[in-house]
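**Q**
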Amino acid sequence: MLSLDEVKGKRIADIGSGTGRIVNMLLDAGADRVVAVEPSDAMLVLKDNTAARAERIDYFQAPGDRLPPDLGLDYVVSMGVLHHIPEPAPVVRAAYDALRPGGRCIVWLYGYEGNETYLSLAIPLRKLTVLLPHRLLVVLSHGLEWALTAYIGLCRILPLPMRSYMRSVLAKFPRSVRRLTIYDQLNPAYAKYYTRAEAEALLSDGGFGDVRLYHRHGYSWTVSGTRPG
Numbered sequence: 001m002l003s004l005d006e007v008k009g010k011r012i013a014d015i016g017s018g019t020g021r022i023v024n025m026l027l028d029a030g031a032d033r034v035v036a037v038e039p040s041d042a043m044l045v046l047k048d049n050t051a052a053r054a055e056r057i058d059y060f061q062a063p064g065d066r067l068p069p070d071l072g073l074d075y076v077v078s079m080g081v082l083h084h085i086p087e088p089a090p091v092v093r094a095a096y097d098a099l100r101p102g103g104r105c106i107v108w109l110y111g112y113e114g115n116e117t118y119l120s121l122a123i124p125l126r127k128l129t130v131l132l133p134h135r136l137l138v139v140l141s142h143g144l145e146w147a148l149t150a151y152i153g154l155c156r157i158l159p160l161p162m163r164s165y166m167r168s169v170l171a172k173f174p175r176s177v178r179r180l181t182i183y184d185q186l187n188p189a190y191a192k193y194y195t196r197a198e199a200e201a202l203l204s205d206g207g208f209g210d211v212r213l214y215h216r217h218g219y220s221w222t223v224s225g226t227r228p229g
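full-length UniProt numbering numbers the first residue of the sequence shown as 1 and each following residue consecutively.
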């Protein structure tokens, strides 16, 4: 939904920048300037990870709904963040207000479609795992990572559920990252899995037009909307 050529020379906000991975990707692709929005203490790590190009970054340590309006941005992106926010509408509206007319908002969300089998197992399990102490949850995450590694291996030869995601995404992660991913899935503060209709409404209800959706890897939604001119 966004090619590298479209990023070159553009002004972009990244809502939920974390430690700076997306910020660095945007700058590597030729973005002129990036507004890095991160409310947590991860901002300190973000600044360290992007120090070499800090002159092209505006650091904004605040929630996404406090992104200043009228920035005239070309794009606002938010990758894997809005599905962790119980009330994301104010963040979407702030993104709208920060864009120039014709500017685009692009978000990546957990999808419900394609995850039904996983959710039928994960949701009941979370009722227990959210009660576990940190140390025990770490041990459980290590054990489940071994099972996940075996499942990824089976996906190479069998048409199992989420095969595309396992082979093209999780298989490329270091095992340490897979363990952290499992930990986050077992103990999320909040996580919503969007249906197609909900994903589309998230941007259209925020005023965006030309809303487009892509069912990425058959388990998540990439959604794009344009601020009318």
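Even for Gly, the Cβ is constructed at its ideal location relative to N, Cα and C.
Just mark lysine 10 as buried or exposed, buried being the case when its beta carbon has 16 or more other beta carbons within 10 Å.
**A** Numbered from its first residue, the sequence shown carries residue 10 at position 10. With 16 or more other Cβ atoms within 10 Å, it is buried.
**Q** Roughly how far, in whole angstroms, is the beta-carbon of lysine 192 from the beta-carbon of histidine 83, given that I think they are within contact range, below 8 Å?
**A** On the sequence shown, position 192 is the one that residue 192 refers to. On the sequence shown, position 83 is the one that residue 83 refers to. The pair is a contact, with the Cβ atoms about 5 Å apart (cut-off 8 Å).
**Q** If you follow the beta strand (DSSP E) that alanine 36 is part of, which residue opens it and which one closes it?
**A** For this step, residue 36 is matched to residue 36 along the sequence shown. Where alanine 36 is concerned, the enclosing beta strand (DSSP E) stretches over 33-37.
**Q** Going straight from the alpha carbon of serine 120 to that of valine 34, what length do you get?
**A** Reading the sequence shown from its first residue, position 120 is the one you call residue 120. Reading the sequence shown from its first residue, position 34 is the one you call residue 34. Near 39 Å, if we compare the C-alpha coordinates of valine 34 and serine 120.
**Q** Alpha carbon to alpha carbon, what distance is there between alanine 52 and glutamate 87?
**A** Residue 87 sits at position 87 when you count from the first residue of the sequence shown. Residue 52 sits at position 52 when you count from the first residue of the sequence shown. Glutamate 87 and alanine 52: Cα-Cα distance of roughly 35 Å.
**Q** Determine the burial state of valine 92: buried for a count of at least 16 other Cβ atoms within 10 Å of its Cβ, exposed for fewer.
**A** The sequence position of residue 92 within the sequence shown is 92, counting from 1. Label assigned to valine 92: buried.
**Q** Is the stretch 93-108 touching the stretch 201-220 in the sense that three or more CB pairs, one from each, lie closer than 8 Å?
**A** The stretch 201-220 vs the stretch 93-108: in contact.
**Q** Rounded to whole angstroms, what's the CA-CA distance from alanine 98 to leucine 148? Just pull it up for me.
**A** Here residue 98 refers to the residue found at position 98 of the sequence shown. Here residue 148 refers to the residue found at position 148 of the sequence shown. When rounded, the distance between both Cα atoms is 41 Å.
**Q** If you count every other CB in all the chains shown that lies within 10 Å of the CB of glycine 64, and 16 or more means buried, which is it?
**A** Numbered from 1 along the sequence shown, position 64 holds the residue referred to as residue 64. Looking at its Cβ environment, which holds 16 or more other Cβ atoms inside 10 Å, glycine 64 is buried.
**Q** Around the Cβ of valine 177, are there at least 16 other Cβ atoms within 10 angstroms (buried) or fewer (exposed)?
**A** Start at 1 with the first residue of the sequence shown, and residue 177 comes out as number 177. Valine 177 should be labelled exposed.
**Q** Could you work out which residue in Asp184, Gly153 and Pro69 is closest to valine 130 when comparing CA atoms only?
**A** Locating residue 130 in the sequence shown gives position 130, counting from the first residue. Minimum Cα distance to valine 130 is reached at Asp184.
**Q** For the stretch 195-222, which segments carrying the alpha helix (DSSP H) assignment without a break, of at least 4 residues, lie completely within its bounds, in sequence order?
**A** Counting only runs of 4 or more, we get 196-204.
**Q** Ignoring anything shorter than 4 residues, give me the alpha helix (DSSP H) runs that lie fully in the stretch 121-202, in order along the chain.
**A** Complete alpha helix (DSSP H) runs here, min 4: 134-155, 163-168 and 175-186.
**Q** Can you tell me whether threonine 195 is buried or exposed, with buried defined as 16 or more other CB within 10 angstroms of its CB?
**A** Along the sequence shown, read from residue 1 onward, the residue named residue 195 stands at position 195. Burial call: exposed.
**Q** Helix or strand or just coil, what does DSSP make of leucine 73?
**A** Translated into the one-based positions of the sequence shown, residue 73 becomes position 73. It is a strand residue.
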